[in-house]
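Numbered per the numbering used here, the sequence shown finishes at 205, counting up by one with no gaps.
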Amino acid sequence: MRAPPDDAYSIRPAGLADAEALCAFKRQIFGETEFLLQGLEDFDDQVEVERDIIGRFHHQSNSVLVLAVAADGQVIGLCSIVGGHLWRTRHVGTMSVGVVRAWWRRGVGKRLMAQTIRWAQENPLLEKLALQVHATNTAARAMYAGLGFVEEGLLRGEAKLGAGVDDLVPMGMPLPHRGEPMRHALVRNWD
Ligand SMILES: CC(C)(COP(=O)(O)OP(=O)(O)OC[C@H]1O[C@@H](n2cnc3c(N)ncnc32)[C@H](O)[C@@H]1OP(=O)(O)O)[C@@H](O)C(=O)NCCC(=O)NCCS
15 MRAPPDDAYS
25 IRPAGLADAE
35 ALCAFKRQIF
45 GETEFLLQGL
55 EDFDDQVEVE
65 RDIIGRFHHQ
75 SNSVLVLAVA
85 ADGQVIGLCS
95 IVGGHLWRTR
105 HVGTMSVGVV
115 RAWWRRGVGK
125 RLMAQTIRWA
135 QENPLLEKLA
145 LQVHATNTAA
155 RAMYAGLGFV
165 EEGLLRGEAK
175 LGAGVDDLVP
185 MGMPLPHRGE
195 PMRHALVRNW
205 D
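#1: Over what stretch of residues does the beta strand (DSSP E) that includes G171 continue unbroken?
#2: What are the start and end residues of the alpha helix (DSSP H) that includes A156?
#3: Checking 7 Å against the spacing of the C-beta atoms, do Q129 and L182 come in under that value?
#4: Just list the alpha helix (DSSP H) runs in the segment 27-86, keeping only unbroken ones of 4 residues or longer that don't cross its boundaries, in chain order.
#5: Would the beta-carbon of V89 be found less than 6 Å away from any heavy atom of ligand 1?
#6: Could you name the residues of the same chain whose beta carbon sits closer than 6 Å to that of V122, not counting the 5 residues immediately before and after it, in chain order?
#7: When you compare the CB positions of R104 and L139, do they come within less than 7 Å of one another, or not?
So this is what it looks like as structure tokens:
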């Protein structure tokens, strides 16, 4: 499928005003894929909850929540980095990504990831990006490998999938350590 024109959607950090659209996005994507570790079973479908989640990202210097938003305001994709909370792990950011099915294979996932990785490369705390992907999720594994993530092992039977279980593949990407003093607002260069 052809990539959509640049103005079909924008990629930007989530603001508190996105809570309702984010709620609708999660309701949709959790029903469309089993390849996310969170599913409908664990989803608290309330705008207030999403507002709290967005607010928490704003208060963690090594974390970011990035959205792909269509021209009509619908959230069509999400990419997050959750930085470690402990001194000994705060240099590691765990990534997660998802795109609504109607927009698959149109370059949204790759663009979301690439721009979020760029944010991480400028973050003075983060030294490594990490994620876990279902072994059978060939689409995501191909995307991560294309972006420079390297497989780091195999976690056997770590995630439920349908009536059974699947292995998880941990993947990682080192980031250049800039060693700069911590800055609070690192959100820029989104387009
Ligand atoms: C994985 C996911 C985020 C990809 O998003 P997307 O917008 O469809 O991906 P893109 O169109 O940007 O494609 C990026 C790369 O992914 C790979 N890819 C995507 N879909 C693929 C498919 N069906 N088969 C094989 N490779 C695929 C390709 O390497 C592609 O690069 P290319 O276009 O240069 O070949 C999306 O399929 C999704 O949300 N899936 C459900 C949730 C999920 O699996 N999240 C990851 C959990 S770890």
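From the three backbone atoms N, C-alpha and C, an ideal C-beta is built for every residue, glycine too.
Put simply:
#1: Your numbering for residue 171 matches position 157 in the sequence shown. Looking at the DSSP string, the run of the beta strand (DSSP E) that includes G171 is 169-175.
#2: The residue you call residue 156 lines up with position 142 of the sequence shown. Run containing A156: 152-161, per the alpha helix (DSSP H) assignment.
#3: As a first step, residue 129 must be located in the sequence shown, where it is residue number 115. As a first step, residue 182 must be located in the sequence shown, where it is residue number 168. Not a contact, by the Cβ cut-off of 7 Å.
#4: 33-46, 61-72
#5: Along the sequence shown, one-based indexing puts residue 89 at 75. Every heavy atom of ligand 1 is 6 Å or more from the Cβ of V89, so no.
#6: In the sequence shown, the residue the question calls residue 122 occupies position 108. For V122, where only same-chain residues beyond five positions count, the Cβ hits under 6 Å are A82, G91, V113.
#7: Within the sequence shown, residue 104 is the residue found at index 90, counting from 1. Within the sequence shown, residue 139 is the residue found at index 125, counting from 1. Yes, they are a contact pair.
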